[in-house]
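In the working numbering, the protein residues as written are 557 to 848. Working notes for the structure below.
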Amino acid sequence: MDRSEAMLPRAAARPEGNENARCSVLLGIRGHDAAFKNASTARSRTSTGHPIEVTFFTLPPPAVSHFSVHCPDLQLPPADLYLAPKAIAAADDLVLLRVPINSLGRDFYQHNDYFVYRAHHQDDPKLDLLPNPWPDRFGDDEIGVLSCGAAAADGGKQYAVAALKIRPISEFTFTLHLYRSKPSGEAGSWTSQLVSVEEPLRDRLVMYHLTTKVITIGGANGTVAWVDLWRGILLCDVLEKSPKLLDLPLPWPARGNWGIYLSDSESFCRDITVSQSKDLIKYNGNHALSHP
């Protein structure tokens, strides 16, 4: 979700006075500090015990919706974009938020809190503080959220948060980190296990996988896709007892794009999307024209 906008399926909120819930919205991924409240406002506490509120303000696409995070006790510099709360993943009516809790959160993930916002809770929207995964650290492009299981005792859906990290000095062995909420509605815990690509494909040129985005496909087995836009897609059924990775290579770049191949400009010329029914993965490529 390292984009200025992101798809948020099944609207997390509706503006007051509008009874028509939106199927989806475009969400700006950076939050701002504001004390406004509406029907979408959910409350919780940070890991340091401070009260915190999250509110969504939705607009019909193509207008960009936005969200606010209000926690006066944090007192972070409002002009520092890297200390702004960030929506790093979304699926169904779930949004995963990363909130810096002090100025060190700008550079160190252990100084951030992770929250899951649940829009369609039984009564009011709910904001769950996740246990800090430290000493494990996840980049914002390595982590996803998905619905799973039956309804929890508190009336909301159960969910999982998954992150895939490549192991040091390893080409295609990874650690899968998984957090699962509990049916009781209480906080869950993080687990980790090694997963590998049994038959990595097309690895003669690109000998590593660098995740640039995560796509939640879902289903009974909790399929999640970690996408390297230059190399390919690693699919994993994260809810399986012994999950494995399936490698799905992407097409080679067109001749006109070889000059930027393996650079950090992949999002300018290619992307991956999944249909709202989650039954189709689509590759989109823009090709520069080359002249003889």
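Quick reminder that beta carbons are idealized off the backbone N, C-alpha and C, glycines included.
Quiz item: What whole-angstrom Cβ distance do residue 716 and residue 702 have, given they're in contact under 8 Å?
Solution: 6 Å
Quiz item: For residue 644, which of 654, 637 and 705 has the nearest alpha-carbon?
Solution: Ranking the options by Cα distance to residue 644, first place goes to 654.
Exercise. Using beta-carbon positions only, say whether residue 793 and residue 779 come within less than 9 Å of one another.
Key: yes
Exercise. Report yes if the CB atom of residue 787 is closer than 9 Å to the CB atom of residue 807, and no otherwise.
Key: no
Practice problem: Please state whether DSSP places residue 832 in a helix, a strand or coil. | Solution: coil
Quiz item: Can you tell me whether DSSP reads residue 774 as helix, strand or coil?
Solution: strand
Quiz item: Going by other Cβ atoms of all chains shown within 10 Å of its Cβ, with 16 needed for buried, is residue 735 buried or exposed?
Solution: buried
Practice problem: Starting from the N-terminal side, write out each stretch of the beta strand (DSSP E) that is 3 residues or longer and does not extend beyond the stretch 662-720. | Solution: 668-674, 682-685 and 699-707
Quiz item: Quick one: what does DSSP say residue 621 is sitting in, helix, strand or coil?
Solution: strand
Quiz item: Within 10 angstroms of its Cβ, does residue 671 collect 16 or more other Cβ (buried), or is it exposed?
Solution: Classification for residue 671: buried.
Quiz item: Between the C-alpha atoms of residue 577 and residue 599, what's the straight-line distance to the nearest angstrom?
Solution: With a pLDDT of 47 at residue 577, under the threshold of 50, the modelled position of that residue is not reliable, and the figure given next carries that caveat. Distance between the alpha carbons of residue 577 and residue 599: 21 Å.
Exercise. Take every Cβ of the stretch 596-612, pair it with every Cβ of the stretch 659-671, and state whether three or more of those distances are shorter than 8 Å.
Key: yes
Practice problem: Could you work out which residue in 764, 754 and 731 is closest to residue 748 when comparing CA atoms only? | Solution: 731
Quiz item: Any idea which residues DSSP pairs residue 647 with across the strands?
Solution: 650
Exercise. Tell me whether residue 600 sits in a helix, a strand or coil according to DSSP, three-state version.
Key: Of the three classes helix, strand and coil, the one that applies to residue 600 here is strand, per DSSP.
Exercise. Put residue 659 into one of helix, strand or coil per three-state DSSP.
Key: helix
Quiz item: In three-state terms, what does DSSP make of residue 637?
Solution: helix
Practice problem: Spatial neighbours of residue 617 within its chain, please: CB distance less than 6 Å, with the 5 preceding and 5 following residues excluded, ordered by chain position. | Solution: Around residue 617: 582.
Quiz item: Tell me, which residues are paired with residue 879 by DSSP?
Solution: One cannot answer for residue 879 here, as it falls past the ends of the chain, which runs 557 to 848.
Quiz item: Along the chain, where does the beta strand (DSSP E) that runs through residue 744 open and close?
Solution: First-last for residue 744: undefined, no H or E at that position.
Self-check item: Which listed residue (632, 591, 663 and 648) has its alpha carbon closest to that of residue 623
Solution: When C-alpha distances from residue 623 are compared across 632, 591, 663 and 648, the shortest belongs to 591.
Practice problem: Let me know if residue 733 comes out buried or exposed under the rule of 16 or more other beta-carbons within 10 Å of its beta-carbon. | Solution: buried
Self-check item: Secondary structure of residue 577, DSSP reduced to three states
Solution: Residue placement at residue 577 is poorly supported in this model, since its pLDDT is 47, which falls under 50; the coordinates still yield a value, given next. Note: residue 577 maps to coil in three-state DSSP.
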